[in-house]
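To start, the structure under review is shown below, and the notes come after it.
Number of protein chains: 2
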Amino acid sequence: MPKLTDPACAPQDHLARQRVALVHQGAIERAAGIFRAMGDAPRLRLLTLLGQGESCVTEIAAAEGEDLSTISQRLRVLRNEGLVSRRRNGKHILYGLADQHVADLLFNALAHASEGRADLSRFASLNPTKE
Amino acid sequence: MPKLTDPACAPQDHLARQRVALVHQGAIERAAGIFRAMGDAPRLRLLTLLGQGESCVTEIAAAEGEDLSTISQRLRVLRNEGLVSRRRNGKHILYGLADQHVADLLFNALAHASEGRADLSRFASLNPTKE
DNA sequence: CTGTCAATTGAACAGTCGATCAAGTGTTCC
DNA sequence: GGAACACTTGATCGACTGTTCAATTGACAG
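As they're listed, the protein sequences go chains P and R.
Count the first sequence with our numbering and you get residues 1492 to 1622, in order.
Count the second sequence with our numbering and you get residues 1492 to 1622, in order.
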């Protein structure tokens, strides 16, 4: 019987399997920034809310039962990573998801995290558009 | 000419547009946990490395020029969120991406963050498998 | 121009996170 | 069994993050 140790991890193997940096460090840092911004439950809730359509800060704060300032700060973080759009409308400023890519990321993660238990029907307009 | 204020954000509108919680709070928290784990550049680097195939901790540490313990701690965070798989092989413990879903999330974010500048060819085996 | 509504900003404080070190577990080889 | 290897764990500590409060900006109505 042959040795059954190290079929994939012998020292010489480590040398042989030189791995190249596939992705530029800058890209990794930008992606990490996006994930970090989404990696906070209150902020992620906010994104799912925006996934249903644009809202102004006041409306969001009312829906979440939170302070205006708190919501504004959360939106600032999301905006710094380019995850939300912003446009003024009279006295109000309307926020929304920045683009389809953000909606996809959101949709994929939520679908996975809720393992089919969620009703994402209202997200329909934002679902990944394949062909 | 009608007033052009508040076409989408009048007070009565706020009341009318009651938004339902589409996603269970638990799902949001799990998704946030996943994003948080991925929201750190060193950990995200680690995931892209594992995207090229399984590695043992020693190999990873050598590739990253980091301490064994540091790598182990990073892997622990990723493991707590179910992002990586682990199997023992002789003296070594091999880590890999947990499933296709993690690979998809990773791939999508990196593709977006590098805006076509990256060479993701070696990720081919992990690319989103549509139909 | 003044007051008011909508939202942002800066500062401060508490809570959380990540790298490191030292000590521990589990596995193989002799 | 015991030494050596591969990795994990717990504790510590500095750095970062999120919320809150107070003060500020910007837009609009009168």
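A virtual CB, placed ideally from N, CA and C, is assigned to each residue, including glycine.
Taking the Cβ atom as the reference point for each residue, do residue i and residue j lie within a distance shorter than 8 Å?
i         : j         : result
Gly1573/P : Ala1589/P : yes
Phe1526/R : Gly1530/P : yes
Ile1519/R : Arg1567/P : no
What is the DSSP secondary structure of residue i, reduced to helix, strand or coil?
i         : result
Leu1574/R : coil
His1603/R : helix
Leu1566/R : helix
Glu1557/R : coil
Glu1622/P : With a pLDDT of only 37 at Glu1622/P, under 50, the local geometry of the prediction cannot be trusted, and the value read off the model is given with reservation. DSSP places Glu1622/P in coil when its eight states are reduced to three.
Ala1512/P : coil
Ala1523/R : helix
Ala1532/P : helix
Ala1589/P : coil
Met1492/R : For Met1492/R, the pLDDT reaches just 34, beneath the cut-off of 50, and the residue's location in the model is therefore unreliable, leaving the point undetermined.
Which one or two residues does DSSP pair with residue i in a beta bridge?
i         : result
Met1544/R : Residue identity differs from the one stated: residue 1544/R is Gly in this sequence, not Met. Paired residue(s): none; Gly1544/R is not in a bridge.
Ile1584/P : Arg1579/P
For residue i and residue j, what's the separation of their Cα atoms in angstroms?
i         : j         : result
His1515/P : Ala1532/R : 11 Å
Leu1513/P : Leu1541/P : 33 Å
Gln1564/R : His1583/P : 45 Å
Glu1555/R : Ser1605/P : 34 Å
Arg1570/R : Gly1587/P : 33 Å
Gln1591/P : Thr1549/P : 25 Å
Leu1601/R : Phe1598/P : 17 Å
Gln1547/R : Gly1524/P : The sequence as given places Cys at residue 1547/R; Gln does not occur at that position. Roughly 27 Å separates the two Cα atoms.
Asp1558/R : Gly1517/P : 23 Å
Gln1450/R : Gln1543/P : The requested residue 1450/R is not part of the displayed model; chain R covers only 1492 to 1622.
Ser1560/R : Ala1528/R : 18 Å
Ile1562/R : Ile1562/P : 36 Å
Select from the options the residue whose C-alpha is nearest the C-alpha of residue i.
i         : options                                    : result
His1603/P : Leu1596/R, Ser1576/R, Leu1538/R, Ser1546/R : Leu1596/R
Leu1585/P : Gln1591/P, Gly1524/P, Ser1576/P            : Ser1576/P
Arg1534/R : Ala1552/R, Asn1599/R, Gly1517/R            : Ala1552/R
Arg1579/R : Asp1558/R, Glu1545/R, Ile1562/R            : Glu1545/R
Thr1539/P : Ala1522/R, Thr1539/R, Asp1558/R, Glu1557/R : Ala1522/R
Comparing the CB of residue i with every heavy atom of the ligand COA, is any distance shorter than 7 Å?
i         : result
Leu1569/P : By its list of ligands, the structure shown contains no ligand whatsoever, and the ligand COA lies outside what it can speak to.
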